[in-house]
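Numbering (the numbering used here), first residue to last: 5 to 259.
Glycine residues also receive a C-beta, built at the ideal position from the N, C-alpha and C atoms.
Below is one structure; the comments refer to it alone.
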Ligand SMILES: [Fe+2]
């Protein structure tokens, strides 16, 4: 692996409020991450939705309270559970825009809300395509990353397919045209990586939900980027870590 230029702590599917999910466990994970970040290169915390179980006000407030005082930059977008009971209103009030961008010297990240009120299906939407194209297309010398809650390509070992993004073909075509390097998402609760053309598609696991599938466990992903490759390490809430996968990054973006 080349020299690390960016470290992303990728959390997803925390489901605060869901039966068996402990707010104390979430606090411990966040505190452990905050202790690690001073030793990491350019750290960022990315949370790809399903912060809550049912999109309720008290679930959002409990989640936000854990993040108070965290100095590491954060990008947070909602998932389908967060938009139940019109939770999008609480999300916007507490965490701001549902579509976000983040950019520094190393990466350009477009984070999209793929959820809709009271609908578990994933959807990005044509009205956002130009914005995504212009933002990622302008960051030619950086690692271009697209984040969302739902998956664009089915994930193995998760059962039958229900919620792949409805406009996945159009979104994948768009991302390929702007030479996106990495797509990051959650939703399926099972870690997986695909290579598609020159893109890396990565699904992280659930951080705390008990609704894990098969032999997987609760994890977040530590993502280390160099100019030429990316490494995904799974970290359990106990702190124990294991290398999951790595991939080269498309050279035409980074040359
Ligand atoms: Fe989800």
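- In this structure, residue 54 has its CB closer than 6 Å to one or more heavy atoms of ligand 1.
- About 16 Å separates the CB atoms of residue 46 and residue 74; that is not less than 8 Å, and the two are not in contact.
- For the stretch 7 to 44, the continuous alpha helix (DSSP H) assignments of 4+ residues that do not extend past its boundaries occur at 27 to 40, in sequence order.
- Set against 6 Å, the gap from the CB of residue 84 to the closest heavy atom of ligand 1 is smaller.
- Secondary structure at residue 168: coil, using DSSP grouped into helix, strand and coil.
- Cβ neighbours of residue 68 within its own chain (closer than 6 Å, five residues either side excluded): 98.
- Comparing C-alpha distances from residue 148 to each of 24, 253, 34 shows the shortest one belongs to 253.
- The count of Cβ pairs closer than 8 Å, one atom from the stretch 15 to 27 and one from the stretch 177 to 192, reaches three, so the stretches are in contact.
- In the structure shown, residue 156 adopts coil according to DSSP, grouped into three states.
- For residue 98, the secondary structure class from DSSP, reduced to helix, strand or coil, is helix.
- Looking at the DSSP output, residue 206 shares a beta bridge with 188, 197.
- Looking at the DSSP output, residue 151 bridges to 115, 188.
- Counting along the chain, residue 49 sits inside no alpha helix (DSSP H); it lies in the beta strand (DSSP E) bounded by residues 47 to 52.
- Counting C-beta atoms within 10 angstroms of its own C-beta, residue 86 has 16 or more neighbours from the protein chains shown and is therefore classed as buried.
- DSSP lists 120 as the beta-bridge partner residues of residue 123.
- Non-local C-beta neighbours of residue 76 in its own chain, meaning closer than 8 Å and more than five positions away in sequence, comprise 13, 37, 38, 41, 47, 48, 49, ordered along the chain.
- For residue 176, the secondary structure class from DSSP, reduced to helix, strand or coil, is helix.
- In this structure, the straight-line span from the alpha carbon of residue 249 to that of residue 200 is close to 15 Å.
- C-alpha of residue 83 to C-alpha of residue 70: approximately 19 Å in a straight line.
- In this structure, the C-beta of residue 14 stays at least 6 Å away from each heavy atom of ligand 1.
- For residue 108, the secondary structure class from DSSP, reduced to helix, strand or coil, is coil.
- CA-CA distance, residue 7 to residue 229, rounds to 8 Å.
- The beta carbon of residue 172 sits closer than 6 Å to those of 156, all from its chain and outside the five residues before and after it, given in chain order.
- 154 is the residue among 176, 128, 154, 175 whose C-alpha sits nearest the C-alpha of residue 166.
- It is roughly 25 Å from the alpha-carbon of residue 5 to the alpha-carbon of residue 182.
- By the CB criterion at 7 Å, residue 226 and residue 234 fall outside the cutoff.
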